[in-house]
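Structure first, then comments.
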Amino acid sequence: MITSIAIVSPALASFLSTFLLLRLKKDSAYLGAAIGVQAIVLWCRYLFALKSSLLLFVPFLLFPLAWIHGPLILIYIRLRLGKAGPSRRLMGFIGALAVSTVAVQVWLFHSFSLFRSVEAIAMQGGIVGQYTLGYMTCIGVYNAIFLVTAAIELRSAHSQPGLDRTSFRWMLVILSYFGSNHCLYLLLATAVFIGALPIPFHWIEIPYHLIAIFAILYFALNYPGVLDAPGYRAEPYSKQSLDTNTARAYVDKLETFMKAQRPFLDEDLSLKSLAAATGIPSHHLSIVLNRELGMNFFAYVSRYRVEAARELMQSPTHKDHTILSIAFEAGFQSKAAFNKAFKAETGMAPSEYRKGLETKGSESILDQNAGNAAMPD
Numbered sequence: 109m110i111t112s113i114a115i116v117s118p119a120l121a122s123f124l125s126t127f128l129l130l131r132l133k134k135d136s137a138y139l140g141a142a143i144g145v146q147a148i149v150l151w152c153r154y155l156f157a158l159k160s161s162l163l164l165f166v167p168f169l170l171f172p173l174a175w176i177h178g179p180l181i182l183i184y185i186r187l188r189l190g191k192a193g194p195s196r197r198l199m200g201f202i203g204a205l206a207v208s209t210v211a212v213q214v215w216l217f218h219s220f221s222l223f224r225s226v227e228a229i230a231m232q233g234g235i236v237g238q239y240t241l242g243y244m245t246c247i248g249v250y251n252a253i254f255l256v257t258a259a260i261e262l263r264s265a266h267s268q269p270g271l272d273r274t275s276f277r278w279m280l281v282i283l284s285y286f287g288s289n290h291c292l293y294l295l296l297a298t299a300v301f302i303g304a305l306p307i308p309f310h311w312i313e314i315p316y317h318l319i320a321i322f323a324i325l326y327f328a329l330n331y332p333g334v335l336d337a338p339g340y341r342a343e344p345y346s347k348q349s350l351d352t353n354t355a356r357a358y359v360d361k362l363e364t365f366m367k368a369q370r371p372f373l374d375e376d377l378s379l380k381s382l383a384a385a386t387g388i389p390s391h392h393l394s395i396v397l398n399r400e401l402g403m404n405f406f407a408y409v410s411r412y413r414v415e416a417a418r419e420l421m422q423s424p425t426h427k428d429h430t431i432l433s434i435a436f437e438a439g440f441q442s443k444a445a446f447n448k449a450f451k452a453e454t455g456m457a458p459s460e461y462r463k464g465l466e467t468k469g470s471e472s473i474l475d476q477n478a479g480n481a482a483m484p485d
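Following the working numbering, the numbering of the sequence shown begins with 109 at its first residue and continues without gaps.
Have a look at this one:
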């Protein structure tokens, strides 16, 4: 019975990871990868329950991957807060740890017969259990450093007015899940080692992961915009130095560029890339958007994308295109983000807007036919 229920958690985690990775967004990819690692952990735990012969290969896969768990979450939180991504030095360090772990595992596999025994690995007896506990302690402390750093940065950003509340709650849910994961596994490993819990798979993990993953899925499905909108909005710049004439010149330059080059059609457009394309310093571009135009970068670009979508809906060449394909062509990354932005801009859903166009088109044709019929021969 436990074995049958145990498969639900890794299946759900795999689905959530795939969903995030397929969004093809940089921040979502890091979160998807982190949840993917967690899914692998759960699948490996399922192999323990089955006492599968594949257990011999679990340490070669799982132990190296464990080094990237904490860093992936820290990188995700930083990207959501509008900070820089991972450095090459960090990625190189993690890669070195993973390679070293594989080398140690190869040495243990060839040097000790217990590491080549499915039964010994399944029951975590002798040197195998000692090695696992020592490794989990090290990896727990290591990942805790990254998770605590992420929590500190999130808490620091919370005191600033630019952080969206829904995004903050979302990031808090993610941090809580991964933080409690590491605490749980460290406690379980210790309890198993001293003989307080059975080896190797027990009922405590099953409800925990089911509840946690369902909570993440519930949040993501009920607040889809949290995966699209940036977590951090730039602060007001009313007190920062940029004279009025220069600001207005930047506005004119920006508007001209947006209308002529239509960079908003690129779904990966960012404040940094737009600043580089227009030749406006990024911090000045932020000031112009917030102070002169009264909106953040995301809202500004969405306005142009909605207008582009309206033009596409009105075009005869796109009358057979789906709303989703029009959303993608206009630069949106998901239907949820498109619907939200379109309704905020026009007051109606895209489907309602399109039906209105079709109704007006039919009425125009009828009026034209009536006029032609009334004309004398």
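For every residue, glycine included, the Cβ atom is placed at its ideal position computed from N, Cα and C.
If you check the CB distance, A355 and V396 come in under 7 Å.
With 16 or more other Cβ atoms from the protein chains shown falling within 10 Å of its own Cβ, W151 counts as buried.
For Q441, the secondary structure class from DSSP, reduced to helix, strand or coil, is coil.
In the displayed model, N398 falls within a helix according to three-state DSSP. In the DSSP annotation of this structure, the continuous segment of the alpha helix (DSSP H) that includes W151 starts and ends at 134–158. The Cβ neighbour count for T467, taken over all protein chains shown within 10 Å, is under 16; the residue is labelled exposed. Using a Cβ-Cβ distance cut-off of 8 Å, the region 455–463 and the region 409–428 are in contact, since at least three pairs of beta carbons, one from each stretch, lie closer than that value. With fewer than 16 other beta carbons inside 10 angstroms of its own, M456 counts as exposed.
A residue is called buried once 16 or more other Cβ atoms fall within 10 Å of its Cβ, and Y285 is buried on that count. Rounded to whole angstroms, the separation of the alpha carbons of Q232 and I302 is 12 Å. The Cβ atoms of L155 and L163 sit closer than 7 Å to each other.
In the DSSP assignment, L222 falls outside any alpha helix (DSSP H) and carries neither an H nor an E.
Judged by DSSP secondary structure, A385 falls within the alpha helix (DSSP H) whose first and last residues are 379–386. Here the region 142–151 does not lie against the region 203–221, with fewer than 3 beta-carbon pairs under 8 Å apart.
Residue state for T430 is assigned as coil, using DSSP reduced to three classes. Counting along the chain, the unbroken alpha helix (DSSP H) around R356 starts and ends at 352–369. Cβ neighbours of L139 within its own chain (closer than 6 Å, five residues either side excluded): L128, Y184. For the pair A121 and I321, the CB atoms are nearer than the 7 Å cut-off.
Counting other Cβ atoms within 10 Å of its Cβ, L393 reaches 16 or more and is therefore classed as buried. Counting along the chain, the unbroken alpha helix (DSSP H) around G178 starts and ends at 177–188. Annotation: the continuous alpha helix (DSSP H) that includes L120 extends over 116–129.
DSSP places Y412 within a helical segment (H, G or I) once states are collapsed to three.
Sixteen is the threshold: since fewer than 16 other Cβ atoms of the shown chains lie within 10 Å of the Cβ of H266, the residue is exposed.
The residues L216, F217, in chain order, have a CB closer than 6 Å to that of F223 in the same chain once the five nearest residues on each side in sequence are set aside. By the Cβ-count criterion, A435 is buried, with 16 or more other Cβ atoms from all chains shown falling within 10 Å of its own Cβ. Where Q238 is concerned, the enclosing alpha helix (DSSP H) starts and stops at 234–266. Per DSSP, the continuous alpha helix (DSSP H) segment holding I321 begins and ends at 313–330. A straight line joining the alpha-carbon of S433 with that of N404 spans about 26 Å.
The residue from L362, R411, T240 with its alpha-carbon nearest to that of A385 is L362. In the three-state DSSP reduction, S390 falls in the helix class (H, G or I). Collapsing the DSSP output to three states places P172 in a helix. By the 16-neighbour rule on beta-carbons within 10 angstroms, E313 is buried.
Contact check for W175 against L205 passes: the beta carbons are separated by less than 7 Å. Ranked by Cα distance from R399, the first of L350, P424, L187 is L350.
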